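Shown next, in structure tokens, is the structure this report addresses.
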Amino acid sequence: MTRKLTPGKLVIATHNKGKLKEMQALLAPYGMECLSAGELGLPEPAETGTTFAENALIKAHAAAKAANLPALSDDSGLSVAALGGAPGVYTADWAEAAPFEGGPGRDWYMAMGKVEGKLAQLGPDTPRDAWFTSMLALAWPDGEAQTFEGRIDGTLTWPPRGTLGFGYDPVFVPAGETQTFAEIDPAQKNAMSHRAVAFAKLVAVQFAG
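See the structure below:
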């Protein structure tokens with residue numbers, strides 16, 4: 001029998017405020033009181049996996065054990081077809097910048113520019129197909145875990161447009177749309193994003209029926 005969450009406290013294993021806000025909005029209808037790993041002062045574990053699933057499980061297990069509560073993590077990233085699926089699982093690494101206030105810094109404009117620069121090197125006719133992947137991992141303190149994967153396809157644009165998203169959102173136009181994820185209303189994005197697809201699978205298992 002599939003293990004179910006009960007209404008109450010759930011740790012969102014992230015220090016990313018944008019990601020936390022999206023996940024809180026998606027979980028709000030199900031009676032979950034979401035606390036972030038950042039709010040609880042939990043350390044960020046080293047993401048040593050080579051797949052989204054491995055890294056999501058690393059984060060969920062670490063948070064669940066440290067907080068002694070169920071924990072939900074998301075490992076997500078942008079993959080570009082012409083770059084062989086890069087940056088993929090190393091999406092955040094491409095944004096690594098100089099440290100600030102004693103912690104790691106991430107420059108997403110630099111990261112978007114890095115992707116654009118690599119596409120430009122391949123020539124003006126290079127296809128700009130890309131996709132976002134979200135892998136959710138739900139873990140309990142005793143080590144049990146479940147994973148749920150979501151994906152949304154689209155194309156890349158340049159220069160970046162919009163201020164509503166985070167990460168690579170300003171250069172990603174989802175299939176069938178004309179606006180970037182950073183131009184689309186957050187409620188609309190939450191209803192269609194790669195994270196929403198993964199959440200729909202989680203909800204079907206955890207909260208349906």
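Each residue of the sequence shown is one higher than the one before, counting from 1 in the UniProt record's numbering.
Where is the CB? At the ideal position from N, CA and C, for every residue including glycine.
Computed from a prediction, not measured in an experiment: that's the story for all the values here.
Can you give the Cα-Cα distance for residue i and residue j, rounded to whole angstroms?
{"i": "Thr-126", "j": "Thr-157", "result": "12 Å"}
{"i": "Gly-167", "j": "Val-197", "result": "18 Å"}
{"i": "Ala-81", "j": "Thr-147", "result": "24 Å"}
{"i": "Ser-73", "j": "Ala-66", "result": "14 Å"}
{"i": "Asn-16", "j": "Met-23", "result": "11 Å"}
{"i": "Lys-19", "j": "Thr-2", "result": "26 Å"}
{"i": "Ala-208", "j": "Leu-138", "result": "16 Å"}
{"i": "Gly-162", "j": "Leu-5", "result": "36 Å"}
{"i": "Pro-70", "j": "Phe-199", "result": "16 Å"}
{"i": "Ala-25", "j": "Arg-128", "result": "30 Å"}
{"i": "Ser-79", "j": "Val-203", "result": "25 Å"}
{"i": "Leu-27", "j": "Ala-13", "result": "14 Å"}
{"i": "Gln-206", "j": "Lys-59", "result": "20 Å"}
{"i": "Ala-53", "j": "Thr-178", "result": "30 Å"}
{"i": "Val-171", "j": "Thr-180", "result": "6 Å"}
{"i": "Pro-140", "j": "Gly-84", "result": "Before going further, note that residue 140 is Trp rather than Pro in the sequence given. Their backbone Cα atoms lie some 35 Å apart in a straight line."}
{"i": "residue 212", "j": "Gly-113", "result": "Lying before the first or after the last residue shown, residue 212 is absent from the chain, which here runs from 1 to 209."}
{"i": "Thr-76", "j": "Leu-10", "result": "Note that residue 76 corresponds to Ser in the displayed sequence, not to Thr. Rounded to whole angstroms, Ser-76 to Leu-10 spans 19 Å at the Cα level."}
{"i": "Pro-7", "j": "Asn-68", "result": "16 Å"}
Residue i lies in the beta strand (DSSP E); which residues open and close that run?
{"i": "Glu-149", "result": "145-156"}
Where does residue i fall in DSSP's three states?
{"i": "Met-135", "result": "strand"}
{"i": "Ile-75", "result": "The residue asked about is misnamed: residue 75 is Asp in this sequence, not Ile. DSSP places Asp-75 in strand when its eight states are reduced to three."}
{"i": "Ala-13", "result": "coil"}
{"i": "Asp-142", "result": "coil"}
{"i": "Phe-199", "result": "helix"}
{"i": "Gly-88", "result": "helix"}
{"i": "Asp-125", "result": "coil"}
{"i": "Ala-208", "result": "coil"}
{"i": "Phe-182", "result": "For the record, residue 182 in the displayed sequence is Ala; it is not Phe. Looking at Ala-182 - three-state DSSP - the assignment turns out to be coil, as it is neither helix nor strand."}
{"i": "Pro-7", "result": "coil"}
By the DSSP assignment, the alpha helix (DSSP H) with residue i in it spans what residues?
{"i": "Gly-117", "result": "108-121"}
{"i": "Pro-174", "result": "Looking at the DSSP string, Pro-174 is not in any alpha helix (DSSP H); the run it does join, the beta strand (DSSP E), is 172-174."}
{"i": "Met-192", "result": "186-192"}
Using only the heavy atoms of the ligand GDP, determine whether one of them is closer than 7 Å to the beta carbon of residue i.
{"i": "Ala-196", "result": "As for the ligand GDP, it is missing from this structure, which has no ligand bound."}
With contact counted as at least three CB pairs below 8 Å, one residue from each stretch, are the segment 116-130 and the segment 47-55 in contact? no
Any contact of the segment 78-93 with the segment 28-43, i.e. 3+ C-beta pairs under 8 Å? no
Report yes or no: do the segment 133-150 and the segment 175-185 share at least 3 C-beta pairs separated by less than 8 Å? no
Identify every run of the beta strand (DSSP E) within the segment 15-63, keeping only runs that are complete inside it and at least 3 residues long; order them along the chain. 32-36
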